[in-house]
Amino acid sequence: MVATSVEEAVAATRQLVEETGTPVVVVKAQIHAGGRGKGTFREHPDLRGVNVVSGSGVEELEERVAELAGKMLGSTLVTVQTGPEGKTVNRLLIEQGVDIRRELYLSILLDRSVSRNVVMASVEGGMEIEEVAATHPEKILRETIDPAIGLAAFQANRLALRLGLVDRVGAGFQAFVRSLAEAAEALDAELVEINPLVITGDDQVVALDAKMSFDDNALFRHPDLVAMRDDTEEDPAELEAKKAGLSYIKLDGTIGCLVNGAGLAMATMDTIKHVGGEPANFLDVGGGATAEQVATGFQIITRDPNVKGIFVNIFGGIMRCDTIATGVVEAVRKVGLQVPWWSDWKEPTWRKERGSWPSRGST
Amino acid sequence: MSILVGKDTRVLVQGLGATGRFHTDKAIAYGTQMVGAVHPKRAGQVEVFEGEIDPSGVPGRDETYRVELPIFGTVADAVDDTGATASVIYVPPPFAADAIMEAAEAGIELVVAITEGIPVQDMVRAKRYLEGKPTRLVGPNCPGVITPGACKIGIMPGYIHQPGRIGVVSPVRHPHLRGGVPAHPLGLGQTTAVGIGGDPVNGTSFVDVLRLFNEDPETEGVIMIGEIGGTAEEEAAEYVSREMTKPVAGFIAGTTAPPGKRMGHAGAIIAGGRGTAEAKIQAMKEAGIVVAPTPTDMGQAMLEALGRA
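Same order as they appear, the protein sequences are chains A and B.
All the letters of the first sequence, read from the start, carry residue numbers 1 to 363 under this note's numbering.
All the letters of the second sequence, read from the start, carry residue numbers 1001 to 1309 under this note's numbering.
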């Protein structure tokens, strides 16, 4: 159950204890990053992102959950995946305490080398899969899913046997993994990762933690997923760019870049670095950008206090150069442009101009 | 000679929206044999294209053109009527994978999918559908294929290419990065330039294109441009060291890309420590490929590779 306040956390705890009869719950920070079990809070260095809480009775348990939730909510969790700046915790997941017999790893993701989804499983539950892959690659089991068939029963059976799951647990696991494969396809998931997948003392198969990411290109057919997006988890500048239809990623350098095309944008960053500079951002205005989008791009770039100059690299022929020019003029009118900029127009012949506009850049 | 497309290639266009119409016009101006269009709601109509020809295109034509392109309701009807051998797809992303399958079912030999933003699972299914069929898919999310002076299918401007003896293969949409501009001042020119697309699931791979160039008697050397993400460039390097008899030069975009961030292209992401530019450059150098430090140096790198051969 998800809780966004101390009161909701306590209510969830009370309900779980009523259902299970045992005064044990797990309180997890919900952020868009992994590594929470080992992550710590900046405000409370001795507190982890995932905590098992127990009490002698339901009242003591509720008190402890309330205290814990009060510390976790609004604080900053730093994990290996969040970067040193961490992420603010706005939601908690309250789960029943579980009698864990075995911890397994299970995920479904695209295998680009065969253009199909693959199920990956390992007996090393709870560990980072990259670490298992590096140290014990033989412990990772793989089953490739034929999109015309789905995960076949024999494949689920093979996984169960190799994980040492037989009888009732084996049957439970097979049903679980086949449902998961169906869900991954139906939801257009890029990644479904269950780590750990737990086998309980009474032979239940339980997903104790899960991480899912979704294909942005398929969100048009999943309005329910779009509604679940928590914008506070996103970088504000990257979010603003995304809403304007631009692709922006902030970096640590001093030279802003405004480019059309992802490949050219990357190559522009690389070239700046190659000649001794440091790029401040990746910004692809796309193939059909409007002047407003270009203006928004300039505003986002110039808001970064590290930016000392802007490099505009536009290949005409697909993008009209006068659209870019109009966008820059608009940005200057709106926000003023305090930094020097340099443009490299390539239409119709090589043309370099400093601080002035070609009368009409493109065909 | 060239690969994939030439002056006899007969091309259909699927998707006649603003983008499809614009680039169909440019292709006709270049001299590409556009023979029909597919639009389910406009069967029986014609779309008229007229203007001045692109002088960088097919030589020996009149200075102006007027083409009445017939529109068909299905690809099968269009193939029956026109004998089309290739199709170019500008259909919007939710319907593009279906358009690819329809073209394959109708027996089209070469399908070039320009559309950007097709859901990955749609492409997984479409690629499964293509298995065992003779159709070759290039893309999606690609600039297309051009054999300079003969046939242009896609969104690249014609004038940055010129006929020559260098093959170009790249996932990148941008012609500037496709060896067009950088190779030009050095007088290299291209046999064919192929954009394989920047999506995680695509049809034709680097290795497929390298193999075609290797077998093409006119191609003397190949420029391959890669980017971060996946292992396609490493597989290409492996092929080059194993079988390629022609010199190869290359460039990898994304040296400065931070891990875990998607750099515009759906496939361009360094995940779990894999797909870095460093690893790709290393693999390419080990395979004897001359790697240019910036896109501008690609022509020079190609000359160096040719000199070594």
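Glycine residues also receive a C-beta, built at the ideal position from the N, C-alpha and C atoms.
Bear in mind that the values here come from a model prediction, so they are computed numbers and not experimental data.
Residue i and residue j closer than 8 Å at C-beta
| i | j | result |
| --- | --- | --- |
| Ala1283 (chain B) | Ala1249 (chain B) | no |
| Ile1118 (chain B) | Asn217 (chain A) | yes |
| Glu1215 (chain B) | Gly1226 (chain B) | no |
| Ala254 (chain A) | Val307 (chain A) | Per the sequence shown, residue 254 (chain A) should be read as Thr rather than Ala. Yes. |
| Gly1139 (chain B) | Val1112 (chain B) | yes |
| Leu180 (chain A) | Val192 (chain A) | yes |
| Ile1148 (chain B) | Pro1163 (chain B) | Note on residue identity: the sequence assigns Pro, not Ile, to residue 1148 (chain B). In contact: Pro1148 (chain B) and Pro1163 (chain B) (Cβ atoms closer than 8 Å). |
| Ile1252 (chain B) | Met1298 (chain B) | no |
| Leu1012 (chain B) | Ala1043 (chain B) | no |
| Lys1246 (chain B) | Thr1219 (chain B) | yes |
| Val78 (chain A) | Gly39 (chain A) | yes |
| Glu62 (chain A) | Val118 (chain A) | no |
| Glu1243 (chain B) | Phe1206 (chain B) | no |
| Thr1256 (chain B) | Pro279 (chain A) | yes |
| Gly1083 (chain B) | Thr1064 (chain B) | no |
| Lys87 (chain A) | Glu233 (chain A) | yes |
| Glu1221 (chain B) | Ala1305 (chain B) | For the sequence presented, residue 1221 (chain B) should be read as Gly rather than Glu. Yes, they are a contact pair. |
| Val1091 (chain B) | Val1145 (chain B) | no |
| Val27 (chain A) | Val6 (chain A) | no |
| Met1263 (chain B) | Met266 (chain A) | yes |
| Arg116 (chain A) | Thr76 (chain A) | no |
Per-residue burial, residue i [other beta carbons within 10 Å of its own, 16 or more giving buried]
| i | result |
| --- | --- |
| Val226 (chain A) | exposed |
| Ile149 (chain A) | exposed |
| Arg333 (chain A) | exposed |
| Asp284 (chain A) | buried |
| Asp364 (chain A) | Limits of chain A in this structure are 1 at one end and 363 at the other, which puts residue 364 (chain A) out of reach. |
| Lys1041 (chain B) | exposed |
| Gln1045 (chain B) | exposed |
| Pro305 (chain A) | exposed |
| Ile1289 (chain B) | buried |
| Pro1217 (chain B) | exposed |
| Leu251 (chain A) | buried |
| Asp167 (chain A) | exposed |
| Ser1087 (chain B) | buried |
| Met228 (chain A) | exposed |
| Asp231 (chain A) | exposed |
| Asp963 (chain B) | There is no way to answer for residue 963 (chain B), as the model of chain B reaches only from 1001 to 1309. |
| Gly1167 (chain B) | buried |
Contact set for residue i: own chain, Cβ-Cβ below 6 Å, skip 5 residues either direction
| i | result |
| --- | --- |
| Val80 (chain A) | Gly35 |
| Val58 (chain A) | Val17 and Pro23 |
| Ser122 (chain A) | Tyr105, Val132, Lys139 and Ile140 |
| Trp350 (chain A) | Bear in mind that a pLDDT of 33 at Trp350 (chain A), under 50, signals an unreliable position, so the number given afterwards is only what the model happens to contain. Closer than 6 Å at the Cβ level, and outside the excluded window around Trp350 (chain A), lies no residue. |
| Ala1277 (chain B) | Ile1228, Ile1252, Gly1254 and Thr1255 |
Whole-Å CB distance - residue i paired with residue j, under 8 Å assumed
| i | j | result |
| --- | --- | --- |
| Thr296 (chain A) | Ala244 (chain A) | 4 Å |
| Gly49 (chain A) | Ala29 (chain A) | 4 Å |
| Ala1106 (chain B) | Val1079 (chain B) | 5 Å |
| Val1005 (chain B) | Thr1294 (chain B) | Not quite, the Cβ-Cβ distance comes to about 29 Å (not below 8 Å), so this is no contact. |
| Ile249 (chain A) | Lys1261 (chain B) | 5 Å |
| Ala1126 (chain B) | Ile1089 (chain B) | Not confirmed; about 11 Å, so no contact. |
| Ile31 (chain A) | Val89 (chain A) | 6 Å |
| Thr1231 (chain B) | Ser113 (chain A) | 6 Å |
| Val1120 (chain B) | Glu182 (chain A) | At roughly 16 Å, the Cβ-Cβ gap does not stay under 8 Å, so Val1120 (chain B) and Glu182 (chain A) are not in contact. |
| Phe1095 (chain B) | Leu1069 (chain B) | About 20 Å; that fails the 8 Å criterion. |
Chain-order list of residues whose beta-carbon lies under 8 Å from that of residue i (same chain, five-residue window excluded)
| i | result |
| --- | --- |
| Met120 (chain A) | Tyr105, Leu106, Ser107, Ile108, Leu109, Ile129, Ile140, Leu141 and Arg142 |
| Glu330 (chain A) | Ala291, Glu292, Val294 and Ala295 |
| Asp215 (chain A) | Asp188, Ala189 and Glu190 |
| Leu1130 (chain B) | Ile1100, Met1101, Ala1104, Leu1137 and Gly1203 |
| Gly74 (chain A) | Thr88, Val89 and Asn90 |
| Arg1211 (chain B) | Tyr1239 and Glu1243 |
Own chain, CB closer than 7 Å to residue i, minus 5 neighbours either side, in chain order
| i | result |
| --- | --- |
| Lys1007 (chain B) | Val1058, Ala1150 and Cys1151 |
| Ala156 (chain A) | Gln174, Val177 and Arg178 |
| Gly201 (chain A) | Asp99 and Arg101 |
| Val206 (chain A) | Val98, Val198 and Thr200 |
| Leu264 (chain A) | Asn313 and Phe315 |
| Gly170 (chain A) | Ala160 |
Contact test: residue i Cβ vs the ligand GDP heavy atom, cutoff 7 Å
| i | result |
| --- | --- |
| Ala241 (chain A) | The ligand GDP is not among the ligands present in this structure, which contains no ligands whatsoever. |
> Is it true that the stretch 261–278 of chain A meets the stretch 320–327 of chain A, where meeting means three or more beta-carbon pairs spaced less than 8 Å apart?
Replying inline: no
>> Pairs of beta-carbons, one from the stretch 236–246 of chain A and one from the stretch 1187–1199 of chain B, closer than 8 Å: are there three or more?
In response: no
>> For the stretch 1115–1134 of chain B against the stretch 1147–1159 of chain B, do three or more pairs of beta-carbon atoms, one drawn from each stretch, fall closer than 8 Å, so that the two count as touching?
In response: no
> Touch check for the stretch 1029–1041 of chain B and the stretch 1057–1071 of chain B: three-plus C-beta pairs under 8 Å?
Replying inline: yes
>> Using 8 Å as the cut-off, can you tell me whether the stretch 139–148 of chain A makes contact with the stretch 63–76 of chain A, which would need three or more C-beta pairs spanning the two stretches below that distance?
In response: no
>> Would the stretch 1–14 of chain A count as touching the stretch 90–99 of chain A if we require 3 or more Cβ pairs under 8 Å?
In response: yes
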